[in-house]
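In what follows, a single structure is set out as structure tokens and then discussed.
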Amino acid sequence: MRMDSKDRVKATANRRFRKSFIHAVTGVKTAILEERHMRVHITAGMIVVICGVFFKVTKIEWLFLLFSIFNVLTFEMINTAIERAVDVATEEFHPYAKKAKDVAAGAVLLASICSAVVGLIIFVPKLF
């Protein structure tokens, strides 16, 4: 039985999607296994989830908490990618390379601060 061109295109698209998905999962695994800060953020996120279950947060609170957790993890991965790309691009010190790394780290800091504020807004009233 021969495949018509639409079926071949669909099969190729599925193969590409599967390959892309595998690369993405590999990227997440690499970040978790090789980046200490990623593991710190994941641990903090798990603590937040445990607190959320314990304090019985609402659906909308879960939405904010999960968005905050994954926002920090996403920025940490972007920071890692930028740091590695800069390291590959130049071996000697360059002020722009330093600025790129500093800005990427600053993005993680801002996401972390925002997440901490969200956590405080949600959990502090439940403590008192």
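By my numbering, the letter at position 107 of the sequence shown is numbered 132, and the numbering carries on one by one without gaps.
Each residue gets a CB set at the ideal place from its N, CA and C atoms; glycine is no exception.
Query, Result
"Whole-angstrom distance between Phe89 and Glu108, CA atom to CA atom", "28 Å"
"Distance CB(Ala129)-CB(Asn104) smaller than 8 Å", "yes"
"Assumed close pair Ala106, Thr115 - CB separation to whole angstroms, cut-off 8 Å", "Incorrect: roughly 16 Å between the Cβ atoms, too far for contact."
"Limits of the alpha helix (DSSP H) - the one that Phe100 falls within", "Lys84 to Ala114"
"7 Å Cβ shell around Asn96 - same chain, five flanking residues per side excluded", "Ala136 and Ser140"
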